[in-house]
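S.K.: Sharing a structure below in structure tokens format, with a few things to ask.
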Amino acid sequence: MKRDRLRLMLPLLPASGFLTLFLVVPLLLLFSFGFLQIERGEVTSVVTGATYRDILGDPFYRYLFGRTFLIAVSVTGLCLLFGYPVAYLYVSMRSRWRVLILTSVFAPLLTSALARTFGWMVILGNQGVLNKTLIWLGVLDQPMQFLFTLTGVMIAMTQVLLPFMVVPLITSLQSIPHALTEVAANLGATHCQTFWRVTVPQSVPGIAAGVSLVFVLAFTEFTVSVLMGGGTFAVVSVNMFEAMTTLLDWSRGAAIASLLLMSSATVVTLFNLLVRRLTPWMHTGR
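-10 is the number of the first residue of the sequence shown in this note's numbering; add one for each residue after it.
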């Protein structure tokens, strides 16, 4: 039995070694940098936990993490609100229309998030397409400020992260047996009742996967935040970048990055535990 287990584990050794060397070890080094005294890029031998204590005890960082969390939750909710109808439409359509929907979902992923963010800067600028259109229609008298605002950041971030919500939802909705909806219809359920009592509960795994993925990406997003919100936009990722590059405080930057990683992992774990608890209740309706 032991030999058989060793033989089964042998193919996993290359991947495990690669992940350990290029993922686990760098994360451990990043976490350990928060306990070192680093001055202008030079690591001293002083080991201290003062950096973590200062961050955890500072009201500014509590506000920063709370604001970043609320932005991530809002963007995740918007992605779910816009992404679920797209995934449901994809599953309901015939194959020729599915190609068009799938192309529309995956097309933005063919370009980098940096290029898409610059595109949103052109669209949402004071002389951009959106403002000019609204002024031409008579909705606005003067351009509305979208750049360097929370609204602009959330619009761009929602568009950038939307495909990561749609794909898990499509996979989950496609796995629902068509016979379930037919049975519900035969028992007298309306289309709306079938959707809320059958389709949505059965698609909970896809919702959980999409929400977890989008939340982590939104919680740690840097490119959209710094371009659409500016270099002083109050989120954790921008503050971490400033600590690393501008202040050269590698110890503080590493501590912020470690806390950002641990907090996002904690939120996702708690959310998945909540989904597991609520899934039986959603299926039974009690």
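Idealized CB from N, CA, C, for every residue including glycine. Note that the coordinates shown come from a computational prediction; the quantities given were computed from them, not determined experimentally.
1) Taking V187 as the reference, give the member of L162, A197, L202 with the closest Cα.
2) State whether the region 50 to 57 contacts the region 219 to 227, with contact taken as three or more CB pairs (one from each stretch) at a distance under 8 Å.
3) Could you say which of N115, V203, T106 lies nearest to V64 if we only look at CA atoms?
4) If you draw a straight line from the C-alpha of L206 to the C-alpha of L70, how long is it?
5) Measure how close the beta-carbons of G46 and S240 come, nearest whole angstrom, since I'm counting them as under 8 Å.
6) Report the residue from K121, L1, T209 whose alpha carbon sits nearest the alpha carbon of V256.
7) Whole angstroms are fine: how far does the CA of R85 sit from the CA of H167?
8) Within its chain, find whatever has a CB closer than 7 Å to the CB of A197; leave out the 5 residues flanking it on each side and keep chain order.
9) How about T138: is its C-beta nearer than 8 Å to some C-beta of chain C?
10) Might you give, ordered along the chain, the residues of its own chain that have their beta carbon closer than 6 Å to the beta carbon of L132, omitting 5 neighbours on each side?
11) For the alpha helix (DSSP H) that contains S214, what are its first and last residues?
12) Report yes if the CB atom of F135 is closer than 8 Å to the CB atom of L150, and no otherwise.
13) So, with DSSP's three-state summary, where would you put Q182?
14) In chain order, what residues of the same chain have a beta carbon less than 6 Å from the beta carbon of S192, not counting five sequence neighbours either side?
15) Drop a sphere of 10 angstroms on the beta-carbon of A145, count the other beta-carbons inside from all chains shown, and report buried for 16 or more, exposed for fewer.
16) What do you get for P43, buried or exposed, if any count of 16 or more other CB atoms within 10 angstroms of its CB means buried?
M.R.: In brief:
1) L162
2) yes
3) Of N115, V203, T106, the residue nearest in Cα terms is V203.
4) 17 Å
5) Actually they are not in contact, since the Cβ atoms of G46 and S240 sit about 16 Å apart, beyond 8 Å.
6) T209
7) Between the C-alpha atoms of H167 and R85 there is a straight-line separation of about 20 Å.
8) Closer than 7 Å at the Cβ level, and outside the excluded window around A197, lie N261, V264.
9) Although the question refers to chain C, the structure presented lacks it and comprises just one protein chain.
10) Note on identity: in this sequence residue 132 is Pro, with Leu being the wrong assignment. Same-chain partners within the cutoff: N115, N120.
11) First-last of the alpha helix (DSSP H) with S214: 212 to 217.
12) no
13) In the structure shown, Q182 falls within a helical segment according to DSSP collapsed to helix, strand and coil.
14) If you ignore the 5 residues before and after S192, its C-beta comes within less than 6 Å of the C-beta of S161, L162, all in its own chain and listed in chain order.
15) buried
16) One detail in the question is off: residue 43 reads as Asp in this sequence, not Pro. So D43 counts as exposed.
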